[in-house]
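Chains as they are written, first to last, in the working numbering: chain R, 1 to 486; chain Z, 487 to 689.
Just so it is clear, CB atoms sit at the ideal spot from N, CA and C, and this is done for glycine as well.
Input: a single structure, listed below in structure tokens.
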């Protein structure tokens, strides 16, 4: 049995000892050529180069998905949309992502993250451009649904990082890759209104100006996909296609692995948790610009800038969540990870509830910024727990959690932000309360060999623990163990 | 210290009242002393092309002197209730500073006793919706003091529809199709190139 480190995401196949070519690697690596160090400011091939390609590809997908919300005040005037139409479109943007994220895990296993993510980006770029064709509420909803599929690249992104980075830095790599990519939502909020003003300044009528600018996110998405295809590689030593049939492990029965993951209650709880941190973040990205535009009367560019601040904190907040999870684990083990997840997400919920009650623009912006740090850190903290749920079905658990995130966005938007039932500020406060309630189930997560929030571990001896939960990697005494229990 | 706090508190409280005394003008407090009519061609009007002729004047059945404060008349294009359904950004509220019913200015003229007329070409950025015309009489401080509209109090009569200019252009459509084709073709081109490279390296 070859040595395998724990990957944070769906596990890539291991390499044959005799690889077709010897790679020249600039970073210190482990036995599988996965990097042991993470230097975000370098672009040394293959590890750091692939990191940059991966986060840029997902970044462009976020820009595309969130290029529409800041322009909704203009689009709803042009297409005569009702509040129900706008709400339905916001929900539709995430429904496609729920299924595409679930499917992306196995696809990455089959063809590799490079081809999977580039194909998805190139095939969804035309849909982004199709926004220019939209002329009725139904076509608007359809376009948002189709463009939302590209959010599945999140799974490919995390899978790719797990293939490139060893367990000592994979949490950080995953957190930074996802966090920096999430900033795309903020950049879109900032840039799209500016592009719109720019095009309008050339005396282009309003109704044409907003259509023309979608060429920018579409072109960027296609460009990043082409860069991924040309410069990226699936594994530190090459691509999946370079190796014939890779795995020296007995092939796992896909159905067994799938059901094993689906029947694990912790996956469901984490899916719910992620739905109420990442899902809330996505919902806020959808509504925050309109909220400031409509409630406080600021103009479109200012509303976009404020909304952008919300997403830009992802630059450090999500990685910080991952790092905080790792630090708490060093001192308190899994209990530390669970407690920190519960605490940070509950504080985020309280801040969200407060945000809806504030009447001043300055206060709202300030609370929104602090709230954004906490909610994004919660996302990072959730994926600090995910690797420990199941080793065999890691891909399925990651897919469930990732899908749960978008499902949470759909549910929240349907219940609170469609139609006229509640005013937007009441909806935001209610969303905060929902976050607090839906974070409570974290206390139900219990690992027999590591314990839970309130109970200690059942097994003191690792080898007697259930093999399915066994995970390799960092223990509280700070030693890394490479063990294989399959 | 306590005295300063008291002064600050009373200033804050007073400013709140001042806001409600001087800031908030409610629509229901305005008198409907103006008579407004709007004439246009039959059918759905086109933004950017069709014209609306607005005529306004004082309702002579009111006692003399009711218009002593009127300095300016502002004519506005307003959304009819049917175009406000499920659209909170066009909502009618009594507080005029928060009211979003009338979002398009047609014309502003100094007030005169005689009837006035204005022919307005519907602006290009007017959206597709059902509208009516309202005139506000403003005093020297630019506060609304009276109004008139071409429809009844329930806003059900004399409404007219406007069709916005479509933003779609043939050139834009063609450019989008070409780009989409490029995107898909480049993907398949890449697969083809990879397969050929694979076959070559095997030979």
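Identify whether residue 657 of chain Z lies in helix, strand or coil by the three-state DSSP scheme.
helix
Verify the CB distance criterion: does residue 207 of chain R have a CB-CB separation below 9 Å to chain Z?
yes
Under 7 Å Cβ to Cβ from residue 63 of chain R, same chain only, skipping five residues before and after it: list those, please.
184, 187, 188, 217, 220
Neighbourhood of residue 22 of chain R by C-beta distance below 6 Å, restricted to the same chain and skipping five residues each side:
Reliability fails at residue 22 of chain R, whose pLDDT of 48 lies under 50, so the model's placement of it is uncertain and no value is given.
Take residue 535 of chain Z and list the residues in its own chain whose beta-carbon comes closer than 8 Å to its own, dropping the five residues that flank it on each side.
607, 608
Taking 9 Å as the cut-off, decide whether the C-beta atoms of residue 208 of chain R and residue 685 of chain Z are in contact.
no
Proximal residues of chain Z, C-beta to C-beta of residue 226 of chain R below 7 Å
672
Do residue 422 of chain R and residue 283 of chain R count as a contact pair if the criterion is CB distance below 9 Å?
no
Of all the beta strand (DSSP E) runs that stay within the bounds of the segment 529-557 of chain Z, which reach a length of 3 or more residues?
537-544
Taking only beta carbons into account, state which residues of the segment 79-96 of chain R come closer than 9 Å to chain Z, listed in chain order.
79, 80, 81, 82, 83, 84, 85
Is DSSP giving residue 296 of chain R helix, strand or coil here?
coil
Quick one: is residue 665 of chain Z near chain R, going by C-beta distance under 9 Å?
yes
Within 7 Å of chain Z by C-beta, residues of the segment 412-426 of chain R in sequence order:
419, 420
Interface residues of chain R around residue 655 of chain Z at Cβ under 7 Å?
208
Go ahead and label residue 561 of chain Z buried or exposed: buried means 16 or more other beta carbons lie within 10 angstroms of its beta carbon, across all protein chains shown.
buried
Nearest neighbour of residue 455 of chain R, chosen from R:431, R:384, R:427, R:332 [CA to CA]
R:332
Within 10 angstroms of its Cβ, does residue 124 of chain R collect 16 or more other Cβ (buried), or is it exposed?
buried
Listed by chain order, chain R residues near residue 571 of chain Z by CB distance under 8 Å
82
Beta carbon proximity, residue 119 of chain R to chain Z, threshold 9 Å
yes
Whose Cβ in chain R lies nearer than 9 Å to the Cβ of residue 706 of chain Z?
An answer regarding residue 706 of chain Z cannot be provided, because it is not within the stretch 487 to 689 covered by chain Z.
By a C-beta neighbour count over all protein chains shown, 10 Å radius and 16 as the cutoff for buried, is residue 490 of chain Z buried or exposed?
exposed
According to DSSP, is residue 675 of chain Z part of a helix, a strand, or is it coil?
helix
I need the straight-line Cα distance from residue 537 of chain Z to residue 531 of chain Z, nearest angstrom please.
8 Å
Counting only Cβ pairs nearer than 9 Å, list the residues of chain Z close to residue 126 of chain R.
662, 663, 665, 666, 667, 669, 670
Okay, do the segment 223-241 of chain R and the segment 351-371 of chain R touch, 3+ Cβ pairs below 8 Å being the bar?
no
Can you tell which of Z:541, Z:678, Z:665 has the C-alpha that lies nearest to the C-alpha of residue 130 of chain R?
Z:665
Suppose you measure from the CA of residue 44 of chain R to the CA of residue 327 of chain R; what does that come to, to the nearest Å?
27 Å
Beta-carbon proximity check, residue 67 of chain R vs residue 214 of chain R, cutoff 9 Å
yes
Using the beta-carbon of each residue, which ones in chain R are nearer than 7 Å to residue 651 of chain Z?
205, 207
Based on the DSSP output, what are the partners of residue 627 of chain Z in its beta bridges?
According to DSSP, residue 627 of chain Z bridges with nothing at all.
Nearest CA to the CA of residue 278 of chain R: which residue from R:224, R:264, R:378, R:290?
R:378
Check the DSSP bridge columns for residue 446 of chain R and list the partner residues they point to.
R:452
Which whole-angstrom value is the C-beta distance of residue 400 of chain R and residue 280 of chain R, which I expect to be below 8 Å?
Residue 400 of chain R to residue 280 of chain R, Cβ: 18 Å. No contact.
Give a yes or no on contact between the segment 626-642 of chain Z and the segment 84-102 of chain R, applying the rule of three or more CB pairs nearer than 8 Å.
no
Unbroken stretches of the alpha helix (DSSP H), 4 residues or longer, contained in the segment 203-284 of chain R
206-212, 215-231, 254-262, 265-275
So, for residue 117 of chain R: in the same chain, excluding its five sequence neighbours on each side, which residues have a beta-carbon less than 8 Å away from its beta-carbon?
54, 57, 58, 153, 156, 157, 160, 225, 228
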